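>
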Amino acid sequence: MTTLSPPKTFDLIVIGTGSGGSAPAYRCRAAGWSVAVLDELPYGGTCALRGCDPKKVLVGAAELADWNRRMQGRGITGEAHISWPDLMRFKRTFTDPVPANREHGFEKVGIATYHGSGRFLSPDKLSVDGEVIAARYFVIAAGARPRRLGVPGEEHLVTSTAFLELDQLPPRIAFVGAGYISFEFAHVARRAGASALIVGRGRPLRHFEQDLVTRLVDHTRRLGIELRLDTEATALEKRGAAYRLQMNTRGRTETVEADLVVHGGGRVPNTEGLDLGAANIATEADGGVRVNEFLQSVTNPRVYAAGDVAAAGSLPLTPVAAYAGTIVASNLLKGNARSPDYRGIPSVVFTVPPLAGVGLTEVQAREQQLDVRVKTQDTSTWYSNRRVAETCAMFKVITENQTGRVVGAHLLGPHAEEVINLFALAIRSGIPATDLKHLLYAYPTSGSDVPYMIS
Ligand SMILES: Cc1cc2nc3c(=O)[nH]c(=O)nc-3n(C[C@H](O)[C@H](O)[C@H](O)COP(=O)(O)OP(=O)(O)OC[C@H]3O[C@@H](n4cnc5c(N)ncnc54)[C@H](O)[C@@H]3O)c2cc1C
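Numbering (my numbering), first residue to last: 3 to 457.
1. Where do the N-terminal and C-terminal ends of the beta strand (DSSP E) with asparagine 250 fall, by residue?
2. Please report the distance separating the alpha-carbon of leucine 231 from that of alanine 136.
3. Please identify the residue among Glu211, Ala284, Leu438 whose C-alpha is closest to the C-alpha of leucine 414.
4. State yes or no: is the C-beta of lysine 93 nearer than 6 Å to some heavy atom of ligand 2?
5. Quick check for students: name the residue ranges of the alpha helix (DSSP H) that lie wholly in the region 106-179, counting only runs of 4 or more.
6. What's the gap between the Cα of methionine 3 and the Cα of threonine 273?
7. Near proline 356, which residues of its chain fall below 6 Å by C-beta distance, leaving aside the five closest residues on each side in sequence?
8. Just to confirm my understanding: we take leucine 372, look at its own chain, exclude 5 residues before and 5 after, and list those with CB closer than 6 Å. What are they?
9. Ligand 1 and alanine 143: does the residue's C-beta get closer than 6 Å to at least one heavy atom of that ligand?
10. Please list, in chain order, all residues of the same chain as glycine 155 whose beta carbon is under 7 Å from its beta carbon, the five residues on each side excluded.
11. Measuring from the CB of leucine 43, is there a heavy atom of ligand 1 at a distance below 6 Å?
12. Quick one: give me the first and last residue of the alpha helix (DSSP H) that glutamate 81 is part of.
13. Between the C-alpha atoms of arginine 149 and alanine 33, what's the straight-line distance to the nearest angstrom?
14. According to DSSP, what are the bridge partners of valine 201?
15. Does ligand 1 have even one heavy atom less than 6 Å from the beta-carbon of threonine 488?
16. Where does tyrosine 454 sit, in a helix, a strand or coil, going by DSSP?
17. Would a C-beta distance cut-off of 7 Å place alanine 280 and phenylalanine 122 closer than the cut-off?
18. For arginine 241, which of helix, strand or coil comes out of DSSP?
19. Round the Cβ separation of threonine 97 and valine 39 to the nearest angstrom and send it over; I've been treating them as touching at under 8 Å.
20. Please tell me whether alanine 326 and glycine 309 are closer than 7 Å, where the distance is taken between their beta carbons.
21. Is methionine 3 helix, strand or coil when you go by DSSP?
22. Could you check the C-alpha separation between proline 26 and phenylalanine 296 for me, to the nearest Å?
23. Over the uninterrupted alpha helix (DSSP H) stretch that includes alanine 367, give me the two end residues.
24. Here's the rule I'm using: 16 or more other beta-carbon atoms within 10 Å means buried, otherwise exposed. How should histidine 189 be labelled?
25. If proline 173 and aspartate 261 are in contact, beta carbons under 8 Å, what's the gap, nearest whole angstrom?
26. Give a yes or no on contact between the region 88-96 and the region 380-398, applying the rule of three or more CB pairs nearer than 8 Å.
27. Using 7 Å as the threshold, is the C-beta distance between phenylalanine 425 and valine 360 below it?
28. Run through DSSP, which three-state label would isoleucine 15 get?
29. Taking alanine 367 as the reference, give the member of Arg340, Lys398, Ser386 with the closest Cα.
30. Does the distance between the C-beta of asparagine 272 and the nearest non-hydrogen atom of ligand 1 fall short of 6 Å?
31. To the nearest angstrom, how far is the alpha carbon of tyrosine 454 from that of serine 386?
32. Report the three-state DSSP secondary structure of phenylalanine 210 (helix, strand or coil).
33. Looking at C-alpha atoms only, which residue of Lys57, Gln248, Val111, Gly226 is the closest neighbour of serine 162?
34. Strictly by DSSP, which residues pair up with phenylalanine 397?
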């Protein structure tokens, strides 16, 4: 007769080893809890392995190539070419060590590590890699996956992950969706010598200030990237080594050929395989875990969620996921007391030049009936942009009259991704706009332009 041994039981099981899962795992372990983590992919999560970090290595090369081009006749001669295979090798020096380092980090502090897809069996048990494990608490930090587009032939689309792994860059690349992933990758691909087409049906980069987006769209077109807006991808077909992408623009059908078609059509919470129903964990229609203000499941109190997987009303960004992880850790250890504060979270489109925003757009400020003053200006003639021969530069800063505080800042141009952090600090900490204006900035820096952006 065989006796079934009871499942191994932990104080906490964390599903996902990315930005959202790390803080709960480490902090609860440091408090003496028994903790297990699991991942179905190599340890490290999207940002370090398949997102922000590898992407920005590629963006760095694109920036250099573009700056070199802009400086022709201004003291620089000779073109800079991107060698894609070499760039990929350089990228891998960042990503390759991550899984082993992360896993070792967990093991060093006594966190049990599992590999495989977790699937709930009941409110307190899940199966992973053929084993059943149980816990007092769970943190779901399973991230996001590309949304299903419902387009015939969509199985031929490659994901952002595959794009970031390409050993060779094909000459003709189409991107379906006009979000930040498509814009960033198209900007890189173009600078690396490929032709790029972005097909999008809604407003492009819809979370960003649209006046600046319009400017970036114009610039993107001038770089030779084709943008089809108001256009829906309707079918994808493989023809030999290439693909035929069928599109519909306001009733007009057209087909283009590409060597690679990339999914840039948005991401949704990655909960499909988790069988959340078995654990009584309610989700939103897109699969996001429904949570209360403490990031706890509204239907199963032993479950918390952090990062892209949580329906928590925040943007799917790395700093937000990491921050949510710290809130969850605190609530697990000290009882539900902390709720996330999403004010002043900057976000960036890493095109060349980058587009950055924090706080409200002008439309949002008007919708909230705030009494605001708005300062918008083209800054391509300002010293800091002329010095690097960048012609695409602009800002919009929105200040509330009553409080004298900046409520929204939007920047397009070199170093926008860095300068936006100053505005994020001001918004999050409630620093008056006059303080930003009167700060003594290092000069000449892009930061020293800030006083001239504030009305
Ligand atoms: C191409 C790209 C570029 C990006 N660029 C930026 C950027 O520049 N700046 C920025 O802030 N954000 C960026 N993001 C978003 C950012 O990467 C995410 O917001 C962040 O990584 C989310 O962290 P997370 O912990 O929620 O999920 P993830 O880091 O995705 O971690 C989730 C983990 O859970 C695992 N998992 C899922 N389901 C299961 C299961 N059933 N069993 C076991 N394991 C499971 C997954 O394998 C994964 O490793 C980018 C994303 C992409 C795709």
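Just so it is clear, CB atoms sit at the ideal spot from N, CA and C, and this is done for glycine as well. Since we're looking at a predicted model, the values are computed, not measured.
So, from the data block:
1. 244-251
2. 49 Å
3. The shortest C-alpha separation from leucine 414 is found at Glu211.
4. As far as ligands go, the structure on display features ligand 1 and does not contain ligand 2.
5. Qualifying alpha helix (DSSP H) stretches, in chain order: 162-165.
6. Confidence at methionine 3 is low in this model, with a pLDDT of 49, below 50, so the placement of that residue should be treated as unreliable; the coordinate-derived value is given next. Each residue's Cα considered, the two are about 38 Å apart.
7. Correct list, in chain order: Val350, Ala418, Glu419.
8. Glu402
9. yes
10. Ala237, Leu238, Glu239
11. yes
12. Here glutamate 81 belongs to no alpha helix (DSSP H), and DSSP marks it neither H nor E.
13. 38 Å
14. Val178, Arg230
15. There is no way to answer for residue 488, as the model of the chain reaches only from 3 to 457.
16. Correct three-state label for tyrosine 454: helix.
17. With contacts defined as CB atoms closer than 7 Å, alanine 280 and phenylalanine 122 qualify as a contacting pair.
18. strand
19. The Cβ separation is near 19 Å, so there is no contact.
20. yes
21. Any reading at methionine 3 must be qualified, since the residue scores a pLDDT of 49, below 50, and its modelled position is unreliable; the value itself is stated next. In the structure shown, methionine 3 sits in coil (DSSP, three-state: anything other than H, G, I, E or B).
22. 14 Å
23. 364-369
24. buried
25. 6 Å
26. no
27. yes
28. strand
29. Lys398
30. yes
31. Rounded to whole angstroms, tyrosine 454 to serine 386 spans 12 Å at the Cα level.
32. coil
33. Lys57
34. Gln379, Leu413
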